[in-house]
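Undergrad:
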DNA sequence: GTCTATATGGCGATAGAC
DNA sequence: GTCTATCGCCATATAGAC
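Protein chains in written order, with this note's numbering: chain A, 1 to 203; chain B, 204 to 406.
1. Select from the region 315–341 of chain B all residues with a C-beta closer than 7 Å to any C-beta belonging to chain A, and list them in chain order.
2. Just to confirm before moving on: does the CB-CB distance between residue 399 of chain B and residue 287 of chain B stay below 7 Å?
3. Return yes when the C-beta of residue 235 of chain B is under 6 Å from any heavy atom of the ligand PLP, and no when it is not.
4. Residue 192 of chain A to residue 151 of chain A, Cα distance in whole Å?
5. Answer yes if the region 297–313 of chain B comes into contact with the region 103–119 of chain A, meaning at least three C-beta pairs across the two stretches below 8 Å, and no otherwise.
6. In chain A, what lies closer than 7 Å to residue 387 of chain B by C-beta?
7. Considering only the alpha carbon of each residue, which of A:44, A:163 and A:147 lies closest to residue 186 of chain A?
8. Can you list the residues of chain B that residue 160 of chain A reaches, using a CB-CB cut of under 9 Å?
9. Have a look at B:283, B:329 and B:372 and flag the residue whose alpha-carbon is nearest the alpha-carbon of residue 405 of chain B.
10. Check whether the Cβ atoms of residue 220 of chain B and residue 266 of chain B sit closer than 7 Å, and answer yes or no.
11. Is there a Cβ from chain B that is less than 7 Å from the Cβ of residue 153 of chain A?
12. Name, in chain order, the residues that DSSP records as bridge partners for residue 404 of chain B.
13. Taking just the CA atoms, how far does residue 291 of chain B sit from residue 277 of chain B?
14. Mind checking whether residue 364 of chain B and residue 24 of chain A have CB atoms under 7 Å apart?
15. Sort A:200, A:180, A:22 and A:26 by Cα distance to residue 137 of chain A and report the nearest one.
16. Is DSSP giving residue 164 of chain B helix, strand or coil here?
17. Quick check on DSSP: helix, strand or coil for residue 205 of chain B?
18. Does residue 324 of chain B come out as helix, strand or coil in the three-state DSSP assignment?
19. Return the Cβ separation of residue 124 of chain A and residue 71 of chain A in integer angstroms, given the expectation that the two are a contact with Cβ distance under 8 Å.
20. Excluding sequence positions up to five away, which residues of its chain have a Cβ less than 8 Å from the Cβ of residue 142 of chain A?
21. For a contact defined as C-beta to C-beta under 8 Å, what are the partners of residue 98 of chain A on chain B?
22. Between residue 243 of chain B and chain A, is there a C-beta pair that is closer than 7 Å?
23. Which one of B:215, B:211 and B:268 has the shortest CA to CA distance from residue 256 of chain B?
24. For residue 220 of chain B, name the three-state secondary structure that DSSP assigns.
25. Per DSSP, what kind of secondary structure is residue 365 of chain B in: helix, strand or coil?
26. Of all the options A:171, A:34 and A:147, which has the alpha carbon lying nearest to the alpha carbon of residue 315 of chain B?
This is the structure:
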């Protein structure tokens, strides 16, 4: 049980993670990954045989990071306000730490959407459970009656989109002031929660 | 003034538009564009000199399609409900006709965000005007007081995201039933409008 | 203007020494 | 396991005939 932190394999994984996350499969070069790992190209193939195989190994890991565990929040015996608030906070925190994830997923999603869906399911996230939870809230009269899928899509979109489209929105709305945009994104933990609650709650 | 519709240059532009839109710059091949245009690769270079130059010529055109003219709606003397409704309908109609545009923009946005912002401005869309319009509504007490940028980002995100993430959402929420998802997207001309109005209107 | 043929360069992948 | 050197392919780009 030697320390694996600085093993060659781990250095490759770390470097490939960084490069693939920023540039995607097509945009990445094996040479660049090798340079970043401080080794040569041949070793990449020695450990992972092909660029495709290396990407697949990294891909699963990136996707896993992209879906934080929300079961505890969504299925808990809490008022729906708290569930929404918890969801928004967890996702915005995750993306603040991993700002390249949303664009990466949207970029690579067409490569194998079925695989991504499988990873989501394996994270224990079951859309049907969330939908039926929302339907119960509607039946109980706490939230407006509507297609529960609308709520899910709107919630996810409101949280993810400003990160995925950050480069454009930053220019259009903040004249390229990056600090102001970061603050704006962070504020959204509160403002998005309010926005959604205003849209769906019956009070 | 001969008819230019079937000129070689136009055939190249049409073919390049289709291929670049679906696959992006990195994912597209000059050979594929030549095949689709019914000519050979050499002619592409004869007319546009390089792949990069050809892409830039097409890029501007794609971006222009992505921002339909909304000045008439946003700046008109209409109640804010009608402005929101008009915006949502125009954008969803545009994306239903050009489903590859959202993913294309998010994919290519990092290549030259400044250029995209310039095209948006050249379309006559002035974010500052929209922001001040929203602020007037807040001062008049028709909509809730909040950062008007939140409204703009939320509006754009709610409209675009379900198209950009269609492959994933289609699996997760509709078990890959594409027809159901198309109907869902079309219904959103109404449901997104309602959702936003509930979120921002004071009544 | 349009074609065929070919040059040029880059990148993934492999061979083989150490 | 790690390296250098090189192969082989594919994609962009050019040369030159027609």
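Ideal Cβ positions, reconstructed from N, Cα and C, are used throughout, including at glycine.
Here the structure is a predicted model, which is why all the values come from computation and not from measurement.
TA: Taking the definition as stated:
1. Within the region 315–341 of chain B, the residues whose Cβ lies closer than 7 Å to some Cβ of chain A are 316, 317, 319, 320, 323 and 330, listed in chain order.
2. For residue 399 of chain B and residue 287 of chain B, yes; Cβs fall inside 7 Å.
3. Ligands displayed in this structure: none; no statement on the ligand PLP is therefore possible.
4. Straight-line Cα distance between these residues: approximately 13 Å.
5. Counting C-beta pairs with one atom in each stretch, the region 103–119 of chain A and the region 297–313 of chain B have three or more that are closer than 8 Å, which means they touch.
6. Ordered by position in chain A, the residues that pass the 7 Å Cβ test against residue 387 of chain B are 149.
7. The shortest Cα separation from residue 186 of chain A among A:44, A:163 and A:147 belongs to A:163.
8. By Cβ distance, chain B contributes 360, 364 and 368.
9. Answer by Cα proximity: B:283.
10. The answer is no: Cβ separation not under 7 Å.
11. With a threshold of 7 Å between beta carbons, residue 153 of chain A makes contact with chain B.
12. According to DSSP, which records beta bridges pairwise, residue 404 of chain B is partnered with B:346.
13. Near 11 Å, if we compare the C-alpha coordinates of residue 291 of chain B and residue 277 of chain B.
14. Against a cut-off of 7 Å, the Cβ pair of residue 24 of chain A and residue 364 of chain B comes out as no contact.
15. That would be A:200, whose Cα lies nearest to the Cα of residue 137 of chain A.
16. Nothing can be reported for residue 164 of chain B, as the shown portion of chain B is limited to 204 through 406.
17. Reliability fails at residue 205 of chain B, whose pLDDT of 49 lies under 50, so the model's placement of it is uncertain and the value that follows must be treated cautiously. Coil.
18. The answer is helix: DSSP assigns residue 324 of chain B an H, G or I state.
19. Sure, about 5 Å apart at Cβ, within 8 Å.
20. 79, 80, 201 and 202.
21. Among the residues of chain B, none has a CB under 8 Å from the CB of residue 98 of chain A; the nearest is roughly 16 Å distant.
22. It does not: the Cβ of residue 243 of chain B has no partner Cβ on chain A nearer than 7 Å.
23. Considering only alpha carbons, the answer is B:215.
24. DSSP places residue 220 of chain B in the helix class (H, G or I) of the three-state scheme.
25. Three-state DSSP puts residue 365 of chain B in a helix.
26. Nearest of A:171, A:34 and A:147 to residue 315 of chain B, Cα basis: A:171.
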